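Protein chains in written order, with our numbering: chain A, 1248 to 2161; chain B, 1248 to 2161. All residues carry an ideal CB built from backbone N, CA and C; glycine is no exception. Note that this is a predicted model, so its numbers are computed, not measured. Following: one structure in structure tokens, then a few remarks.
Here you go:
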């Protein structure tokens, strides 16, 4: 029979640290620590497989697994010399979730299990501390009542607060043992009332109930949402860890804490963490009381402090990664409850990786693989402009919980944040965040909390998401129900309301009233520089280019390490204020002659832009795509014109003047509106398309209006000549969009080559190398890539359109059902964000292979947005492309992803930072 | 060096009848007839390859080919004992085009070449017939002047008519030799004036000029258009045949004629054709004089008649096909000028094929391969309702030139026909048609001419296109310039004008004033029945189903031999007047409950339709597709609503009442218009899509609104039960549209299977076999077909959408540039009519192979419109599909195409009827 339950304790363990798939992260860590003879309370882990069995088996655990659990329980009871439910020496246990990948706060935990009306008396007797015993019992009643029996938390709070009021207690700790007994009675009545049954007194029933609730929590909404955000598969399941209780709340010699071997926000090598005396674990992370920094532990109990430091250092050396640990000190004795590789911010990830290489702890390859490329984004975020900082009022300084600058309008609830985020950037301001807030946190540009520490919910989640966060800004008063936040600065009360602007610096903890300016990050300095240099070494010849349409973006791209421009969308130039009128004139032209006249006006403008791009990219290639969008995109909307034509007969002079203003560039005057607007509508009707995505665009425009391609080629090569004559190295690549087969490419290529040869020939630059190639963004082009490659000097995969056509899915429209498709697991991820390797990827691979077959020299890249998404970049590397191209800010991400792909070789997935 | 010029004559020939690729049809026929020792004037053929060389070589023929031509000319001169340009015994030649596939009247011909001011005198002397000699010369001047020198024809006509007037001649033949000399002078002056040069007197220059003009005519507009219509590749080229002249216009013992060995309109085995005494060949086919039936030749010259009959019968036996021949009788001696396999109507093709099998001339396989499947369409056309015929006035009886009934509005010019055809069916009425009329002929539903015979331009072209035609209705006066057609019936003058209705019976030659009813063809009787039975024998297990949405169409489909329904589009049912309101209620429903309420109203209607289909298809499968189109298609148009909302503030009571009427089914009253219309617009805006083709449709609707799929499954299986209980054999196949991968199919299949099992179980029909399968119409589904086939019991290729997505081409929008794409050779044919085997076909083949790999029992068919297009059907057969499905009227075509594919095996193309 399959082994489903793994015991650990007393220096041995059935499992080990490598068994994360089976034991989850926490269970594997506990097993490994036991094997390393560290002080770990004994227990057992029910494997992640059982979680799937539980769901497949109508929410029950089969008897044979129950039997394995009973054996493990017996072993645990033996090790502890205690017995679950025993009325003289009862075993108390914690029951915790633990998935392969850490999902902080997402699933349920139950402490002090095994307590009931009888066993609590034994604990009273044994501890000689009735207050402790009843506090444990009331906590257990509340946790179990809420998690397993599903009685709302606030009902318990009501009972508890009632008792506090009755006892005139200010703090929880002011309640006496007797008060707590009243609370216990109140809780039990509450459970009876809400569930119709008394609270389960049978300890074994408690255990199975808690276990099943932990399994069940795998599919609670916030866990599902977290997994979706972090692309964690639903079928991994969670393990359940049952462990003998140790108590940090046994009195003033007890404490509980969490920590990191290095600073998870900055990466600095410093012992780091927090603890609370006389508390149970959840108190620290829940953010209810503000804990002490771990350095204070040294004063509080130096022996324990040193032991903890020694243990965690050895754990770091053992795991060769930053450790995130939990510990409890029970009456002066240290117990390790958990260790795992610590989550960290992007800056911390890079710094830790670089420093660990320097410390000889890991290799450069490992360092590169340690950083999730997406995390680099955090290093590339803007920071607050120091000038703005001086001008704005500094409201408070909280904990720098997640780095980066964030400027937005205040929202006080997750719901409000979601709504407001549609109109602009939002900063979510809360006393403390809860797992329920996750959707609001996701849309927020930054988060400010007035309570909680560096390991509070807000801090942990924000670092994971790369959202700037200032936590525990305790001088700030957040009145969520009144939708006000206030703080006294220099004796003056300042109050901000919902919608007011707020600026945060997540790297310093500063909070400013008002809207600060931000400054772009500098990716070319510091540890990041070394790190990226290593990445580039491994990446080798695999190139990273940027998509940039204007010289400004091209310069940014160079700064981020782009080795050329992979896509310049020439039409973006046409939308500019000073150009669109010529573009419109060109479209409205009724014959080639007047079309050419309008094009002649656009030529010098395009030429200037291209010259700027070539100059910025001195020595690097620049891929310029000929006109792509359908022409009607440059004209007024058909439905607007229809409305204006319809109301024209009713229009008074005021309305007419409005219309004249609207259509003045099409020659409108008050007296000719009745001809100008309908005529414009007529042309727009002619251009109207039912499915513009599949319509008259891309090379189809160039085929029907060869003069457009000709003008663009002229602008490109005149710019080439102009720039090359200044001694700048120009490498132009002209790209034809939307071909369905080789014939369209032939047609357009001829126009480009004729113009190029004429212009270069005249300028005496006959030997200047240029290329003509094509987008591969239509399935037919991919399917016939062998033919296409006979004419193309390069391919560039337009995976945005290739995804749309291959999946028959309009990017603009599929939002109507995308949520449902992801919820129902039809799409594992948004196919426009993460390349669909199983479907669209087949076509990409086919096209690469077919293209290279007939043209081994073919240069192949990608310029769809997937070019900056790590798993897609790795796919591009694996199928043998020469480069990826992405937005300038994502260039470092692509460089790292490519390096990881190079290191991992043919392995399908680079390991996630667990 | 490549041989480019092939001599023939005196019972030998360089080439033979199989060399159509090189010699063209005419040249190959001449060579073959020479080899068979038939009386053929000697000559030579310049190969089709030279045509391509001519175009590639800047419109010139290289010197080495000129040299080959000179050698062949010498040989010809030797055989004739004459010399080109010789002033005592000049050789006269004809210069004719001749492509691989016959293109009647599309390219240019020049007769009597070699005549000039000197040689004509020799002809006068030799023939002792000055009138003949000058008639030849003036014809040559005119043909050469027009074709080679490009002087407009009407300029020559003006000179000619001027002379006729001057000479008071009524007929051309009334002109004397002197008159003709005047004409010649006039012509020469005309040429001098128009071209600035005298008419070329050098016979060799005439020859090369004529040759080049024939090559050039390969790319004249009507030839290009004809090739496009008939899918003849542009790069085949035409050969040029230079042949010694023989003269049918040498006097009353001379004649010229054309004929067929069987009736090309009906297929009847009867010597068939026409001749004109004292005429040159072009006079017969040009339709200027109405010729005599060939049977009259027996009286006119019985010896020649018998010789001709003997020769043509042996030619038919030799070629084992109906022969279309041209002959000239020069002074009582018969010469054969051409023989080729005759073009024939669909009914004739079938009858000839069947009868030739019975005569033992060809095998059944050959018979099947002989008929172009498209031609069957002509047998399936409706005929005029005899009742209508009795009620309408019979205007005239002309020649039954091309079968079928045709009812339309009169147009007098090709241009008018093209315009009028946009508003309804058109009958083109002309004195006689010209090659220039081709575009008008293409759009016309029928053609009536007052002049010309069974081999006139109108007759030949109409038979080719399958358009009904009545030719040579001489009692009818067509006044094209006045746009009137008049005829005296029973002493009464009846005049019809442009736009009046006319009914033609192309099978009888009857012409009726007014709009007749038509009756559907009966494909189940006559020779067609035997023929289709043979086809079905060869087709074997490869099935042909029909696309039918309603029971009426299903019955028609059965009549045409459909073996099931391959596609029932359930949404067509929803558009019906009595249903759309429930559909709209369903769409406007804000929650599942009200949606289900509306669906419940639709259920019995769908059930009734399905029951009708199952009943009609007793024992044959019925594929029912779940809802496919986007929901907004069922609601008012967004732009209309926007306009109505915009004018609402200005609307007076009349306008308001109009709006109420328009929106009454959405609850509109005068007082609530201001809420009803904007609210409807709001919902329509929500449903609005930028690219509906790629939007929320197909299975995506079923995934988001499972209750729709559930209702449809319920309607299907309740109908199954109802019909099955009557003892009818029901084979339901439920088809899920627009899947991109297996997961959508899983999702929808589960709904269908659950409903099916529930309903069949309750009815005690658990063992009734049904299937659930899917459309393959999205590239991703084809690419992942191995996965899809694990869930699918059948695939049906939706090649309409698959073409749209694979080519990134909207069927509704690509008409904007389709012409340009075909002209520029980017598309060899309309990809929505003829499956793009080189592109989309790759995906189809992949999907078939992948699907069968994981599910060898997978049933595979096609239900896109390509399922009725012969070359596409043959492709489907070759890739291993089980069946095709097409519109009911195309079922016989598909059956025949499939049989041809079966016979041809793996050959890529079935030979075109040449």
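Residue i versus residue j - alpha carbon distance
i               : j               : result
residue 1429(A) : residue 1435(A) : 10 Å
residue 2108(B) : residue 2021(B) : 11 Å
residue 1550(B) : residue 2112(B) : 55 Å
residue 1796(B) : residue 2141(B) : 19 Å
residue 1751(B) : residue 1664(B) : 16 Å
residue 1937(A) : residue 2068(B) : 19 Å
residue 1426(A) : residue 1585(A) : 33 Å
residue 2011(A) : residue 1997(A) : 21 Å
Residue i Cβ short of 8 Å to the ligand NAP heavy atom set
i               : result
residue 1763(B) : By its list of ligands, the structure shown contains no ligand whatsoever, and the ligand NAP lies outside what it can speak to.
Beta-carbon spacing of residue i, residue j below 9 Å
i               : j               : result
residue 1554(B) : residue 1592(B) : no
residue 1575(B) : residue 1457(B) : no
residue 1957(A) : residue 1907(A) : no
residue 1888(A) : residue 1917(A) : no
residue 1761(B) : residue 1748(B) : yes
residue 1756(A) : residue 1723(A) : no
residue 1615(B) : residue 1785(B) : yes
residue 1694(B) : residue 1677(B) : yes
residue 1640(A) : residue 1741(A) : yes
residue 1974(B) : residue 1877(B) : no
residue 1966(B) : residue 1848(B) : no
Opposing strand residues paired with residue i [DSSP bridges]
i               : result
residue 1301(B) : Paired residue(s): none; residue 1301(B) is not in a bridge.
residue 1540(B) : 1521(B)
residue 2130(B) : 1790(B), 2108(B)
residue 1618(B) : In DSSP, residue 1618(B) forms no bridge with anything.
residue 1748(B) : 1656(B)
residue 1577(A) : 1580(A)
residue 1585(B) : 1573(B)
Interface residues of chain A facing residue i [CB-CB closer than 7 Å]
i               : result
residue 1943(B) : 2060, 2063, 2064
residue 1988(B) : 2086
Assumed close pair residue i, residue j - CB separation to whole angstroms, cut-off 8 Å
i               : j               : result
residue 1524(A) : residue 1499(A) : 6 Å
residue 2101(B) : residue 2037(B) : 5 Å
Chain-ordered chain B contacts of residue i [CB-CB under 9 Å]
i               : result
residue 2101(A) : Ordered by position in chain B, no residue passes the 9 Å Cβ test against residue 2101(A), which lies about 15 Å from the chain.
residue 1940(A) : 1937, 1938, 1940, 1941, 2055, 2057
Partners in chain A for residue i, counting only beta-carbon separations shorter than 8 Å
i               : result
residue 1950(B) : 2064, 2067, 2068, 2071, 2073
Proximal residues of chain B, C-beta to C-beta of residue i below 7 Å
i               : result
residue 1893(A) : 1890, 1893, 1894
Cross-chain neighbours of residue i in chain B, by beta carbon under 8 Å
i               : result
residue 1965(A) : What residue 1965(A) touches in chain B: nothing, since even the nearest Cβ is about 27 Å away.
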